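Letter 7 of the sequence shown, counting from 1, is numbered 6 in numbering that gives the first Met the number 0, and no numbers are missing. First up is the structure itself, then whatever we jot down about it.
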Amino acid sequence: MKAVIPAAGLGTRFLPATKAQPKEMLPVFNKPTIQYVVEEAVSSGIDDILIITGKGKRSIEDHFDRSFELEYFLRNSGKTNSLLEIEAISDMADIYYVRQKQQKGLGDAISCAKKHIDGDPFAVLLGDTITQSNIPCTKQLLETFYKYESSTIAIEMVPDERIERYGIIKGTEISNSVYKIEDMVEKPTLKEAPSNLAITGRYILVPEIFDHIESIPPGVGGEIQLTDAMRLMNEMYGYVLEGKVYDIGNTVEWLKSSIEIALKDESVKYELKQYLKELLKD
Ligand code: UTP
Numbered sequence: 000m001k002a003v004i005p006a007a008g009l010g011t012r013f014l015p016a017t018k019a020q021p022k023e024m025l026p027v028f029n030k031p032t033i034q035y036v037v038e039e040a041v042s043s044g045i046d047d048i049l050i051i052t053g054k055g056k057r058s059i060e061d062h063f064d065r066s067f068e069l070e071y072f073l074r075n076s077g078k079t080n081s082l083l084e085i086e087a088i089s090d091m092a093d094i095y096y097v098r099q100k101q102q103k104g105l106g107d108a109i110s111c112a113k114k115h116i117d118g119d120p121f122a123v124l125l126g127d128t129i130t131q132s133n134i135p136c137t138k139q140l141l142e143t144f145y146k147y148e149s150s151t152i153a154i155e156m157v158p159d160e161r162i163e164r165y166g167i168i169k170g171t172e173i174s175n176s177v178y179k180i181e182d183m184v185e186k187p188t189l190k191e192a193p194s195n196l197a198i199t200g201r202y203i204l205v206p207e208i209f210d211h212i213e214s215i216p217p218g219v220g221g222e223i224q225l226t227d228a229m230r231l232m233n234e235m236y237g238y239v240l241e242g243k244v245y246d247i248g249n250t251v252e253w254l255k256s257s258i259e260i261a262l263k264d265e266s267v268k269y270e271l272k273q274y275l276k277e278l279l280k281d
């Protein structure tokens, strides 16, 4: 299976940080966001990855490319651990790129993958969304996809005040954590929302999706919405992920993810904990 990582968005919720750099390159603790996303795909058994890029996203390509000058410097100065780490980033997977020429929405970004996907089911991992779980989230989705042999998307229960930020599904639970989807709506008001189950950045889709994307008009925000295209699919399932999902495009979630991930790192954990304790005293 191949994976598609859309990373062409303008990141307007994170301005000015994203004025001259992609939000997918914002560091979460010590790695750029998109590296976590690629690592999740790889640890889910996927090594053919298409990144949808756009204007001003060049640093994403540079990050996954070899950097001979840096490697030479690290080798000569005996920084072997850093050298191995840097080399591993460019050896992780076969990464391909295609540019979305105009930021017309997530549905439009996915349609740029049609040729590369070439008629097979594929995974989508949003480039600004990272997950933390024991079993990689995309691997969890793949298990449900193979069981039901239909498109399967990640969902999570969100509180009322966050509903307006997501696509929300209407569905019936058919087994533990699995919902058969009957309908979905992009960024509804609390009143319109059919449930609290939000679509959260990971999808396994069959190629039927490309025809639906071509057939839909712009939706919420004047964008070609993936949710609107998914509504037209024959059969779809939602799977409640076991783990945590962070939308890095949201500044508070970005901060939370950095803190939570740093708190798992032995080299900074103690100092950070002490600092947070002190800070919260007042
Ligand atoms: P978002 O809607 O969160 O990204 O899309 P955005 O448009 O950059 O965000 P804001 O609202 O302006 O802050 C989720 C993912 O889809 C990609 C984004 O890069 C992000 O990783 N995307 C979005 C595209 O590739 N193309 C688009 O036209 C829109």
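Think of the CB as a built atom: it goes at the ideal place given N, C-alpha and C, for glycine as much as any other residue. Model, not experiment: these values are computed from the prediction.
Asked: P216 classed as buried or exposed, judged by whether at least 16 other C-beta atoms fall within 10 angstroms; Found: exposed
Asked: Contact test: F13 Cβ vs the ligand UTP heavy atom, cutoff 7 Å; Found: yes
Asked: Cβ-based burial, E241 [other Cβ within 10 Å; buried from 16]; Found: exposed
Asked: Extent of the continuous beta strand (DSSP E) run through E252; Found: Premise fails: E252 lies in the alpha helix (DSSP H), T250 to A261, not in any beta strand (DSSP E).
Asked: Contact test: R86 Cβ vs the ligand UTP heavy atom, cutoff 7 Å; Found: At residue 86 the sequence reads Glu, which differs from the Arg that was named. No, the beta carbon of E86 sits no closer than 7 Å to any heavy atom of the ligand UTP.
Asked: According to DSSP, residues forming a beta bridge with Y178; Found: E172 and G237
Asked: Residues bridged to S150 (per DSSP); Found: M235
Asked: Element boundaries [alpha helix (DSSP H), containing L83]; Found: T79 to D90
Asked: C-beta atoms of L225 and I109 nearer than 8 Å; Found: yes
Asked: Residue burial classification, R230 (beta-carbon count within 10 angstroms, cutoff 16); Found: buried
Asked: Which listed residue (L105, S194 and L275) has its alpha carbon closest to that of I208; Found: L105
Asked: Neighbourhood of V184 by C-beta, 6 Å cutoff - its chain only, sequence neighbours within 5 removed; Found: I167
Asked: The ligand UTP heavy atom lying under 7 Å from the CB of Q99; Found: yes
Asked: I94, buried or exposed, once every other Cβ within 10 Å from all chains shown has been counted against 16; Found: buried
Asked: Distance cut-off 7 Å: A197 Cβ against heavy atoms of the ligand SAM; Found: Ligands present in the displayed structure are limited to the ligand UTP, and the ligand SAM is not among them.
Asked: Assigned exposure category for E155 - 16 Cβ within 10 Å defines buried; Found: buried
Asked: Rounded C-alpha distance that separates K146 from K280; Found: 50 Å
Asked: Residues near L189 by beta carbon distance below 6 Å, same chain, minus five either side; Found: D159 and I162
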